[in-house]
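Structure first, commentary second.
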Amino acid sequence: MTTLSVDRASTPTATSRRSASARASWVMGGLVLLVLAGVASVAFGVRSVGLDEIVGGVLGSTDTIGEAAVAKRVPRTVLAMLVGAALAVSGAVMQGVTRNPLADPGILGVTTGAALFVVAGIAFFGLASPTSYIWVAIAGAALAASFVYAVGSLGRGGATPLKLALAGAASSAAFTSLISAILLPRIDVMDSFRFWQIGGVGGAQTEKTLQVLPFLAVGALLSLATARGLNSLALGDDLARGLGEHVGRTRLLAAVGAVTLAGAATAVAGPIGFVGLAVPHLCRLLVGVDHRWLLPFSAVLGAALLTTADVVGRLVARPAEVDVGIVTALLGAPVFIAIVRRQKVRAL
Amino acid sequence: MTTLVPEVHRLTGHDVARARRERRRRRALVTGVLGVLVVVVYATSLMVGQTFYGPGEVWAVLRGETVPGASFTVGELRLPRASMAVLTGAAFGLAGVTFQTMLRNPLASPDVIGISSGASAAAVVALVVLELSSTATSVVAILAALATALMIYALAFKDGVVGSRLILIGIGVAAMLDSVVAYVIVRAAQWDLQVAMRWLTGSLNNATWDQVAPLAIAVVVAAPVLLSQARALELLQHGDDSAASLGVPVERTRLLCICTAVVLIAFATAASGPIAFVAFLAGPIAARVVGPGGSLMVPAALVGALLVLTADLAGQFAFDARYPVGVITGVLGAPYLVYLLVRTHRSGGSL
Amino acid sequence: MTDTHSLEVRGVTLGYADRTVVEDLDLALAPGRITCIVGANACGKSTVLRSMARLLKPRGGQVVLDGHDLHALPTKQVARTLGLLPQSPVAPEGIVVADLVARGRHPHQGALARWTREDDEAVAEALELTGTAEIAERSVDELSGGQRQRVWIAMVLAQQTDLLLLDEPTTFLDVAHQVEVLDLLTDLNRARGTTIAMVLHDLNLAARYADRLVALRAGRLHAAGDPADVLTADVVREVFGMESQVVPDPVSGRPIVLPIGRHHVRPTAVSGTAAGVSAASAAGS
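Protein chains in written order, with the numbering used here: chain A, 1250 to 1597; chain B, 60 to 410; chain C, 250 to 534.
Have a look at this one:
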């Protein structure tokens, strides 16, 4: 009797063969990049400064204008790093939870939903403190995420990447219109909103950053805690359950983590898109699909990339600044398009 | 196979024809009602305003007589505005339903996939950075919309164009262009809010006859083209393979429809800005009202016109503040999505 | 009786974007008969069918309908002669059965889309033949899988073509409905002489219903002819990589393939393979 030889398809990615040391070196590389980006962010900007002024400013003295400028860049750099890390991890978690390579807090309308709630809070409830913005933004992010997911799941086939993206785009447009409707008669709020809407870390202050820190910490902890669960989820709900995973609970915790990160980041820096999309994909190429490596690496790379984008924004149009949200959109959208082109159509 | 007892009534060609004619009659009736509604709201928008002019006076102005007061208000202000509302509504409705039918997805509206964003981005750059005149800006907007559509099509081309890829790339391109719009508007802080609003959400304020004319020409040329493709589009809904085997020249039809729809969007956006959600809502609303099985082109055009007319009236008079039409129609988007959710939940699953 | 048309591919090479699926294939459909195409997954059977349906342009070679290059003929003329039921047809939301079947008349209607007596009769006949007359006014979304498949077949029947190509028409159907659909197609062939070509993944159904059986392997023609001649244990091994015993089935007399795996195999089945077949066929026919 002949024994059939099953042709084992070659393992698609090198995940299993990637050694821990290779991954560790990529993470090290990411950290180096992060440090470089941080230095660049402090050293370069609209105003050129000398080395001694840089050192002085970082150390806290504000004797010269140059040093003052540098001193202002420090909290800005810190915020950019935090926001970049938060958005990247949020995107990675969203992609894991929805099994959708195109998930991103911007594309799924989560950031716009957060923005809507902040605006509504200011306009109708007179909210004023940054902490209240953050809470409200997180609530908005959560509701928007649920809404978009529900709309994207309509019809045959459930929540395919295509339908989710469309639902996100349509919902984003709807939320933006609602924001316009609220703001139009309130010229006072409108101006400050318009600046915030682009997404920038320009107005960073240490106090604001400290206030958002606990939220980011909670979101990060939740996300990291579900890393193993996300690995199982990637196999499909049924298979994951068969492996002993609490599918519903994992999904909920991960979603809460992702939404908290996205909401908090949006509350403090405005809606910034594409970081959550591009960074996890890049990280997957280098470190593999194991979320226990993917999430931390995404955080590091996200921080580095957003900081770099901020520096680019400051340098490219001197003496004016291009806000980081614009830079990420202009650079991130082509990455998005490239990813779409690479995907097999059926997978969409 | 079921064996039929001879006495049982066999289905004949007669029965089929009768059922078909009944369905067609119902669709025609509903479409007729929509048409009447458009005329009624159009007439109302001519009469209603700061000063109310009765039907007699309006009719006199339309006939070309000079009526003190009314000639200016109705003839120069309200008439172009209402006409532009009808034309942009019809244009957006037609283009929207064409895209949604072609891409087989009710969420795939041209304003979501980047074409209006292209027109807006070019327009704000032309107005703010290059400081062109308003006619030149309109021309730039039209060219930009066409160029954007072409770029999206080219980027989506990989051994043929697949709908899902086109949509996703459109979303990416829209994001890029929207950020350009936002940047330019914010940088031009001294900008006139009115004009900014127009290019962000669409507005019919300051509609003039020289803005209406090119749009009217575009609609008159493009609409018949699309209507002629109505049957082919219906069959495309079955999938490319089925349509091709039924004798539809798939790629040619798709290309023709996309180009025509983009032209409509380009001219309409150049005239009034990207009036949010009209292209998105007109098709599905028409489908609900007229029922399945026939071409949705004419009903969608009528629904679009109705939406814009009514929204503009509401925006001007229904609230304390004056809202541009795009904000009103945009606000309808969210409840519509919620409605989709609720309806699906109740009917238990299928869209 | 319909005129018999001939449809064949000559030396055809087919592929998508970066890969070639079929290379230098010659395949002719038996006019007025039922041809079934079988083969392992990804051997090119759907691809060949699609090229015959004019959906895929060959990179090399020709697809010939009645002696003319298929791609040179006017689209509507082809649509009146050749009908296709693809693998996963899509129905627009909310459409009614009668409307869907009526769409099949498109190739026969001119630019003005006037409805003639002939059109209505064709639709009525298609509904009757597929037993979907009772559900003619119902929405397609509400139907079961079996009913929906019959409605699709009705639409292709309404097209009234002399050639009918079907890509896996029995997938997702339970066995009763599978047989129902295949019997219906056989009726059509016997009554009207419609040339039918189907891709089927079920070897045994293909053997039973085919007048001509074609086995493809890795984009090339492996065997073609009478099912009894084509379906042997050797062919099954070569095309599917599977050991089997082929015996005539007691219901139809056509060959039936009995797979031999690693379990549930009686010792006699394996050892006396050739003898077993001849003994069984002597007893069965």
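Glycine included, C-beta positions come from ideal geometry on N, C-alpha and C. As the structure is a computational prediction, the values presented were derived from the model and not from experiment.
Please name the residue in the options whose C-alpha comes closest to that of residue i.
i: B/Val215; options: B/Ala370, B/Ile172 and B/Ala241; result: According to the sequence displayed, residue 215 of chain B carries Ala and not Val. It is B/Ile172 whose Cα lies nearest to the Cα of B/Ala215.
i: B/Glu293; options: B/Leu162, B/Leu259, B/Tyr101 and B/Ala182; result: B/Leu162
i: B/Val107; options: B/Cys318, B/Val188 and B/Ala129; result: B/Ala129
i: C/Asp369; options: B/Ser104, B/Gly261, B/Ala185 and B/Asp74; result: B/Asp74
i: B/Met235; options: A/Gln1460, A/Ala1334, A/Phe1523 and A/Val1367; result: A/Phe1523
i: A/Leu1608; options: A/Tyr1398, A/Ile1588, A/Ala1372 and A/Pro1324; result: Because residue 1608 of chain A is not part of the residues shown, which for chain A are 1250 to 1597, the question remains open.
i: B/Leu189; options: B/Ile230, B/Val243 and B/Ser176; result: B/Val243
i: B/Thr160; options: B/Leu323, B/Pro139 and B/Ser354; result: B/Ser354
i: A/Ile1575; options: B/Ala150, B/Arg257 and B/Val239; result: B/Val239
i: B/Asn164; options: B/Gly222, B/Asp300, B/Ser197 and B/Gly148; result: B/Gly222
i: B/Leu105; options: B/Thr71, B/Val92, B/Leu93 and B/Ala144; result: B/Ala144
i: B/Ala359; options: B/Ala181, B/Ala393, B/Trp258 and B/Ala282; result: B/Ala282
i: C/Arg299; options: B/Thr71, B/Ser301, B/Ala373 and B/Val362; result: B/Ser301
i: C/Leu415; options: C/Val495, C/Ala473 and C/Met447; result: C/Met447
i: B/Gly72; options: C/Arg461, C/Val496 and C/Glu374; result: C/Glu374
i: A/Lys1412; options: A/Ala1363, A/Asn1349 and A/Ser1270; result: A/Asn1349
i: C/Arg308; options: C/Gln326, C/Asp348 and C/Ala266; result: C/Ala266
i: B/Arg82; options: C/Ala351, C/Thr296 and C/Thr253; result: C/Ala351
Which residues in chain B sit within 9 Å of residue i, going by Cβ to Cβ distance?
i: A/Arg1616; result: Residue 1616 of chain A lies beyond the residue range present for chain A, which begins at 1250 and ends at 1597; the question has no answer from this structure.
i: A/Ala1518; result: What A/Ala1518 touches in chain B: nothing, since even the nearest Cβ is about 15 Å away.
Applying a beta-carbon distance threshold of less than 8 Å, which residues of chain B neighbour residue i?
i: C/Arg303; result: Ala303 and Ser304
i: A/Ile1371; result: Within chain B, no residue comes near A/Ile1371; the closest Cβ sits about 17 Å away, beyond 8 Å.
i: A/Val1571; result: Tyr242
i: C/Leu352; result: Looking at the sequence shown, residue 352 of chain C is not Leu but Arg. Going along chain B in sequence order, the residues near C/Arg352 (Cβ under 8 Å) are Glu293, Leu294, His297 and Leu305.
i: C/Ile344; result: Pro351 and Gly352
Determine the chain A residues that contact residue i at a beta-carbon separation under 9 Å, and present them in chain order.
i: B/Val390; result: Ala1423, Ser1426, Leu1427, Ser1429 and Ala1430
i: B/Gly363; result: Neighbours of B/Gly363 on chain A: none; closest Cβ ~17 Å, over 9 Å.
Can you pull the chain A neighbours of residue i, defined as C-beta to C-beta under 7 Å?
i: B/Thr369; result: Chain A residues near B/Thr369: none, gap ~16 Å exceeds 7 Å.
Can you list the residues of chain C that residue i reaches, using a CB-CB cut of under 8 Å?
i: B/Thr157; result: Under the 8 Å cutoff, chain C gives no residues; its nearest Cβ is about 14 Å from B/Thr157.
i: B/Ala78; result: Ala347, Ala385 and Glu386
i: B/Gly342; result: Those within 8 Å of B/Gly342 in chain C number zero; the least Cβ separation is about 12 Å.
Run down chain C in chain order and give the residues with a C-beta less than 7 Å from the C-beta of residue i.
i: B/Gln288; result: Those within 7 Å of B/Gln288 in chain C number zero; the least Cβ separation is about 11 Å.
i: B/Val75; result: Ala347, Asp369, Val372 and Ala373
i: B/Asp300; result: Leu304, Leu333 and Pro335
Can you find a CB in chain F that lies within less than 8 Å of the CB of residue i?
i: C/Ala328; result: Chain labels in this structure do not include chain F; the protein chains are A, B and C.
Quick one: which chain B residues come within Cβ less than 7 Å of residue i?
i: A/Gly1389; result: Near A/Gly1389 there are no residues of chain B at all, since even the closest Cβ is about 13 Å away, more than 7 Å.
i: C/Thr324; result: Gly306 and Pro308
i: A/Gly1522; result: Ala234
i: A/Leu1434; result: The question names Leu, yet the displayed sequence has Pro at residue 1434 of chain A. Ordered by position in chain B, the residues that pass the 7 Å Cβ test against A/Pro1434 are Ala380.
i: A/Phe1585; result: Gly231
By the criterion of Cβ-Cβ separation under 9 Å, what are the contact partners of residue i in chain C?
i: B/Arg69; result: Ala373, Glu377 and Ala382
i: B/Asp269; result: In chain order: nothing, as chain C lies at least about 37 Å away.
Under 8 Å between beta-carbons, which chain A residues line up against residue i? List them in chain order, please.
i: B/Ser104; result: Near B/Ser104 there are no residues of chain A at all, since even the closest Cβ is about 21 Å away, more than 8 Å.
i: B/Ala393; result: Ser1420, Ala1423, Phe1424, Ser1426 and Leu1427
### Task
With 8 Å as the limit, tell me which residues of the segment 302-332 of chain B have their beta carbon closer than that to any beta carbon of chain C; keep them in chain order.
Ala303, Ser304, Leu305, Gly306, Val307 and Pro308
### Query
Counting only runs that start and end within the segment 281-324 of chain C, where is the beta strand (DSSP E) found for 3 or more residues in a row?
283-288 and 309-314
### Unbroken stretches of the alpha helix (DSSP H), 4 residues or longer, contained in the segment 1300-1364 of chain A
1300-1308 and 1314-1347
### Three CB pairs or more closer than 8 Å across the segment 73-88 of chain B and the segment 350-367 of chain B
yes
### Task
Scan the segment 387-469 of chain C and note each continuous alpha helix (DSSP H) run of 4 residues or more that stays entirely inside, going in chain order.
394-407, 424-441 and 452-458
### Query
Going along the segment 351-362 of chain B in order, which residues come within less than 9 Å of chain C, judged by CB to CB distance?
Pro351, Gly352 and Gly353
### Task
Counting only runs of 3+ residues fully inside the segment 1430-1513 of chain A, write out the beta strand (DSSP E) ranges in chain order.
none
### Message
Taking beta-carbon pairs under 9 Å, can you tell me which members of the segment 330-342 of chain C lie near chain B?
### Response
Leu331, Gly332, Leu333, Leu334, Pro335, Gln336, Ser337, Pro338, Val339, Ala340, Pro341 and Glu342
### Message
Contact between the segment 1292-1306 of chain A and the segment 1553-1569 of chain A is defined here as three or more beta-carbon pairs at a separation below 8 Å; is this criterion met?
### Response
The segment 1292-1306 of chain A vs the segment 1553-1569 of chain A: in contact.
### Task
Answer yes if the segment 1367-1377 of chain A comes into contact with the segment 1526-1546 of chain A, meaning at least three C-beta pairs across the two stretches below 8 Å, and no otherwise.
Touching, no, given that fewer than three Cβ pairs across the two stretches are closer than 8 Å.
### Task
Check distances from the C-beta atoms of the segment 376-387 of chain C to those of chain B and list, in chain order, the residues that come in under 9 Å.
Cβ contacts with chain B come from Leu376, Glu377, Leu378, Thr379, Gly380, Ala382, Glu383, Ala385 and Glu386.
### Message
Counting only Cβ-Cβ distances shorter than 9 Å, please list the residues of the segment 152-185 of chain B near chain A, keeping chain order.
### Response
Asn164, Pro165, Leu166, Ala167, Ser168, Asp170, Val171 and Ile172
### Message
Check whether the segment 382-395 of chain B and the segment 1422-1431 of chain A touch, using three or more Cβ-Cβ pairs below 8 Å as the test.
### Response
The segment 382-395 of chain B, when compared against the segment 1422-1431 of chain A, does touch it at the 8 Å Cβ threshold.
### Task
Jot down the residue ranges of each uninterrupted beta strand (DSSP E) in the segment 284-369 of chain B, minimum 3 residues, whole runs only, in chain order.
none
### Message
For the segment 1520-1553 of chain A, list every residue whose C-beta sits within 8 Å of some C-beta in chain B, in sequence order.
### Response
Gly1522 and Phe1523
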